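One structure is given below, encoded as structure tokens.
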Amino acid sequence: MYTITLETPGGVCRGLRLWGARDDCVVKEAVLLTNDDHRAVLVSRAARLTRISALIRSEQISSQAELARRLAAEGIVVSQGTLSRDLKDAGAVRGRDQLGNFQYSIPEGEHPSHVTTGLPARNHLARMCHSLCTEVNSNDGAVVIKTPPGAAQYLGSAIDSSGIDAIIGTIAGDDTVLIICRPGAGGDDLAKSFRQMAETGFPPEGLVAVGPAASAMESSLCGTQYDEI
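Quick note, the sequence shown lines up with residues 1 to 229 if you use UniProt numbering.
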């Protein structure tokens, strides 16, 4: 257990005893969870995304403020800027339900927010790799990517939506994504691309080719109005 100084929009909290910190430090942007023992522990970004996704899928969340209140009720305190980035990375979009009320949702496949804002799927995948990839291994026909606990399905979804020709499909568990390569596509070459994205946050040239599935998804979104997060 170490002492940290937590700098927040509301001021500076000094002398906080934080379980799980590696050293005495200053934290400019942290998300804290207070458990039943009243200890403050850092919540990983992957765990936070998992909880945000679960709340959006299970409840009617109409605004960022409402989502922030629901997270705070569980002890997860997050800034507005961080929450906005989390919503985008989770693929959340804000639209109207059948009664005309605003509500967040997380569509399957290519996220409508990425289509309507013009963000290429490969850029989204590169950003996710940079945030979530901890290890990349391969053989001739497969690539195995390790992530923090709870993050593999987010990364797997981004890979599925990217339209990479060399990939047949993915299998995602809790902290591991298995990528099955097409015959003739080198797993080692694909792994090299994922390592580059994990290191730089940018996709290699020519990595993504948008295929029929992506075109069909874009067509299905025509006429649907989504608000910016």
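Virtual Cβ for every residue (Gly too), placed ideally from N, Cα, C.
Small disclaimer: the values here were computed from a predicted structure and weren't measured.
First and last residue of the uninterrupted beta strand (DSSP E) at residue i
i: G95; result: 93–96
i: T147; result: T147 -> no beta strand (DSSP E), and no H or E assigned at all.
i: S79; result: Careful: S79 lies outside any beta strand (DSSP E) and carries neither H nor E.
Environment of residue i [buried if 16+ CB atoms lie within 10 Å]
i: A152; result: buried
i: L132; result: buried
i: V136; result: buried
i: G184; result: exposed
i: G187; result: buried
i: D89; result: buried
i: A54; result: exposed
i: L99; result: exposed
i: T200; result: exposed
i: T170; result: buried
i: V26; result: With a pLDDT of only 38 at V26, under the threshold of 50, the placement of this residue in the model should not be trusted; the figure read from the coordinates follows. Classification of V26: exposed, given that the 10 Å Cβ count is below 16.
i: I168; result: exposed
i: A65; result: exposed
i: F194; result: buried
Local conformation of residue i per DSSP, three classes
i: E135; result: strand
i: A166; result: coil
i: S58; result: helix
i: L99; result: coil
i: A159; result: Sequence check: residue 159 is Ile here, not Ala. Of the three classes helix, strand and coil, the one that applies to I159 here is helix, per DSSP.
i: A172; result: strand
i: A126; result: helix
i: I106; result: coil
i: A142; result: strand
i: V177; result: strand
i: R85; result: helix
i: R182; result: coil
i: A90; result: coil
Host alpha helix (DSSP H) of residue i (start-end)
i: S63; result: That residue, S63, is in no alpha helix (DSSP H); it is neither H nor E in DSSP.
i: D188; result: 187–200
Contact check, residue i vs residue j, beta carbons under 8 angstroms
i: V78; j: R48; result: yes
i: A158; j: L125; result: yes
i: G172; j: C129; result: The displayed chain sequence assigns Ala, not Gly, to residue 172. No.
i: I106; j: R57; result: yes
i: A68; j: L87; result: no
Any non-hydrogen atom of the ligand ATP closer than 7 angstroms to residue i Cβ
i: A46; result: Looking at this structure, you won't find the ligand ATP or any other ligand, since it has none at all.
Under 8 angstroms: do the segment 163–177 and the segment 136–150 share three or more Cβ pairs, one atom per stretch?
Per the Cβ contact rule, the segment 163–177 is in contact with the segment 136–150 (3 or more Cβ pairs under 8 angstroms).
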